[in-house]
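Numbering (our numbering), first residue to last: 30 to 163.
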Amino acid sequence: MISNTVQLRVRYAETDQMAYVYYGNYASYFEVARVETFRHIGFSYKEMEDAGIMVPVLEYKTKYLKPAKYDDLLSIKVIINEKPGIRIKFDYEVYNEANVLLTIAETTLVFINKITGKPMLPSNEFMTYFDIHF
């Protein structure tokens, strides 16, 4: 299992008239958390893309339990419970500064060849970063 926590502060521009985080912004928050989690285990999205591997989102599911608000410092916990194959699944838990669980989510991404656009298994080099965690 891989687990990493990323902190983000809610900016005014990310909120609606009620000062709640607009629901569409969570996808960006989760992207930041995914990118930083990859960096945490030793590689970057850019390195993958430079190697010809793209990872688009295949599925995205979110459950909003309580609203995040303007100026909240959010802790986004990212969990990868399974070693990836053609797909990789991320689970998320979003907490505020009082450690109240606000949102749970999951995304599934698929590894594709940058040139052909077809699904592919990640390279052995990429998988070595996961081998030490699973």
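Ideal placement from N, C-alpha and C gives every residue a C-beta, glycine not left out.
Bear in mind the structure is a predicted one, so any value in this text is a computation, not a measurement.
The beta carbon of Phe-67 sits closer than 7 Å to the beta carbons of Ser-73 and Tyr-74 from its chain, once the five residues preceding and following it are set aside; these are given in chain order. Contiguous beta strand (DSSP E) elements confined to the segment 34-119 occur at 86-93 and 102-109, taking only those with 3 or more residues.
The beta carbon of Thr-44 sits closer than 8 Å to the beta carbons of Val-50, Tyr-51, Lys-98 and Tyr-99 from its chain, once the five residues preceding and following it are set aside; these are given in chain order. Judged by their CB atoms, Gln-36 and Leu-94 are not nearer to each other than the 8 Å cut-off. Two segments are said to touch when three or more pairs of C-beta atoms, one from each, lie closer than 8 Å; by this definition the segment 77-94 touches the segment 130-139.
If you ignore the 5 residues before and after Asn-33, its C-beta comes within less than 6 Å of the C-beta of Thr-66, His-69 and Val-107, all in its own chain and listed in chain order. In this structure, Ile-82 sits away from Lys-147, with a CB-CB distance that is not shorter than 8 Å. Scanning its chain for C-beta atoms nearer than 7 Å, with the 5 sequence neighbours on each side dropped, one finds no residue around Asp-79. Looking at Met-77, Ala-48 and Asn-54, the one whose alpha-carbon comes closest to that of Val-139 is Met-77. Ile-31 is positioned such that its CB atom lies no closer than 8 Å to that of Ile-117. By alpha-carbon distance to Tyr-89, the top candidate from Ser-57, Glu-135 and Gln-46 is Glu-135.
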